[in-house]
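*Asks:* Questions regarding the structure given below will be posed in turn.
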Amino acid sequence: MQPVAIRTLYFTLIAAWFAVSSMATAEPKSQYGGFSPDDDGHQAYLDYINGLEMIQVEAGAELQQAVEAIPVEPSVPITPEQEADLRAWLYDFLVAFSVSGNDSLAATFYLRGGVDDPDKIQQIKERLERTPSPEETAELNAKLKMLKEAGIDVSSLIPEPIPDAGDTPLAILKTQHRQNLDMKGCDYFFGNISFFDSKYSVFELQGAYESYVDYIKTHGLLPMGYMGSFSMRNEIEAALQAGEKWVAAQFMFIFAEPEEAADFEKGPMRCPFFVRLVWSPEKAMWRLAETVMPNNAPVRFSFL
């Protein structure tokens, strides 16, 4: 088993051990956010997201129309081409990781969505193929034993060794994605989705970069902790320091994991998912800058 799998599985096991979910229902509030970072705020947050009506994430007219209906609120001008590609990015992202997706579609989206650095892709390959040390194996086995003694089935959490992850970026990302799915125990991540209160905010980045995490924390959008990725940090920060201005877009949606991956008693877990994109004039497309989600979100992506 590879070290990256061990480290990833370690955090998965910890999340599985400590995560607490609620299926209480409540009428949706008029505005997402403003949850306090205490137990009451956490319960209000759970009540809110568990009370939302959802649609299935599946390729087709219903999802397309829902994405098209999300309002755009620009503080800088946005062209029709930019708006169309913004909606296409979200639709393609959701489909790639839903029941309509597959390993090839997901890997293709990673390449289109921002994971296109050859050095980083090579690092993924090396981590996938590297043999773990005895210490790493012992640590993993101890965690698995703890969960087994608690009556938790861990068989689906153990990924198979990968002697050859492939040679092309597409093959490597397909291998990484399949390992992520095997560790999750399901063939896709998004079951249902809600765009209630979602909007595309379009604005200009200049000067020092302020992470999307700062906005989420100051607006009480994730009261109990978060995890995320920053795909283009060095490139964006270097460009801003050189005096460049970048157009960015950010949005949020709330998703539920697939029924077949959910806890039998608690049902599908629901989570908000935050995305920030930046516009690339050279490629005439939106590129992924950041993703942020709760620290126990039931998904595992390969965004860098």
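With this note's numbering applied, the sequence shown corresponds to residues 1491 to 1794, in that order. Just so it is clear, CB atoms sit at the ideal spot from N, CA and C, and this is done for glycine as well.
Quickly, what does DSSP pair Phe1693 with across the bridge? List them, please.
*Replies:* For Phe1693, which the question treats as bridged, DSSP gives the partners Ala1738.
*Asks:* Determine the burial state of Arg1620: buried for a count of at least 16 other Cβ atoms within 10 Å of its Cβ, exposed for fewer.
*Replies:* Classification of Arg1620: exposed, given that the 10 Å Cβ count is below 16.
*Asks:* What alpha helix (DSSP H) runs, 4 residues minimum, are completely inside the region 1537-1614?
*Replies:* Here the runs fully enclosed are 1551-1558, 1570-1586 and 1593-1603.
*Asks:* For Ala1488, which residues in the same chain have their Cβ closer than 6 Å to its Cβ, ignoring the five residues on either side in sequence?
*Replies:* The shown model of the chain, from 1491 to 1794, leaves out residue 1488, and the question about it has no answer.
*Asks:* How would you call Thr1781, buried or exposed, if buried means at least 16 neighbouring beta carbons within 10 angstroms?
*Replies:* buried
*Asks:* Could you have a look at Ala1729 and say whether DSSP puts it in helix, strand or coil?
*Replies:* helix
*Asks:* Could you check where the beta strand (DSSP E) with Thr1781 kicks off and where it finishes?
*Replies:* Met1775 to Pro1784
*Asks:* DSSP three-state label for Arg1760, please.
*Replies:* strand
*Asks:* So, Cys1676 versus Ala1787, is the Cβ gap smaller than 8 Å?
*Replies:* No, the Cβ-Cβ distance between Cys1676 and Ala1787 is not below 8 Å.
*Asks:* Pick helix, strand or coil for Asp1530, following the three-state DSSP scheme.
*Replies:* helix
*Asks:* Do Leu1553 and Leu1601 count as a contact pair if the criterion is CB distance below 8 Å?
*Replies:* no
*Asks:* In the DSSP assignment, find the alpha helix (DSSP H) that holds Ile1662 and state where it starts and stops.
*Replies:* Pro1659 to Lys1674
*Asks:* Three Cβ pairs or more, each shorter than 8 Å: is that satisfied between the region 1534-1551 and the region 1717-1726?
*Replies:* no
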